[in-house]
Amino acid sequence: MKQVLGNVLRLRNWCQSERRLDGHVVVITGANQGIGKETAYHLSLRGAKIIIGCRDEKRAENAIKDIKQRNPKADIYSLPLDLSSLQSVRQFVTEITKRETK
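Be aware that the sequence shown starts at 0, since it is given in numbering that gives the first Met the number 0, and climbs by one per residue.
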């Protein structure tokens, strides 16, 4: 965990952009923990709509709850996704294209 936090802090110092992402939709796989979760949080601060793709829906919901506690304005939801299953990937993409216009 120390290494993950260290990497996040280094990345934060490396990427100084404050560009707004309002109107953009970002899909992040594995955002239920670690770097993926922190990425989702920081992109939500910039106004992006975040879609988390995750096998474990409970972990995804916990990550969303944590992100919304830190950023109540976060526009974020999860969809089930198992990257080892082509059928799951296709269902994930189909669901996103139904829900999102961009």
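Cβ atoms here follow ideal geometry from the backbone N, Cα and C, with glycine treated the same way.
**OP:** Report yes or no: do three or more beta-carbon pairs, one from the region 59–66 and one from the region 82–100, lie closer than 8 Å?
**Re:** Touching, no.
Subject >> Spatial distance of threonine 38 from isoleucine 95 (CA atoms) >> reply: Each residue's alpha carbon lies about 20 Å from the other.
**OP:** Following the continuous beta strand (DSSP E) through serine 77, name the residue where it begins and the one where it ends.
**Re:** Per DSSP, serine 77 is one residue of the beta strand (DSSP E) stretching across 74–79.
Original post:
Of all the beta strand (DSSP E) runs that stay within the bounds of the region 38–79, which reach a length of 3 or more residues?
Top reply: The DSSP assignment places 48–53, 74–79 as complete runs of the beta strand (DSSP E) inside the region 38–79, in order along the chain (cut-off: 3 residues).
**OP:** Output the distance between the C-alpha atoms of serine 43 and aspartate 65, rounded to the nearest integer angstrom.
**Re:** Near 12 Å, if we compare the C-alpha coordinates of aspartate 65 and serine 43.
Original post:
Is threonine 100 helix, strand or coil when you go by DSSP?
Top reply: Threonine 100: coil per DSSP, three-state reduction.
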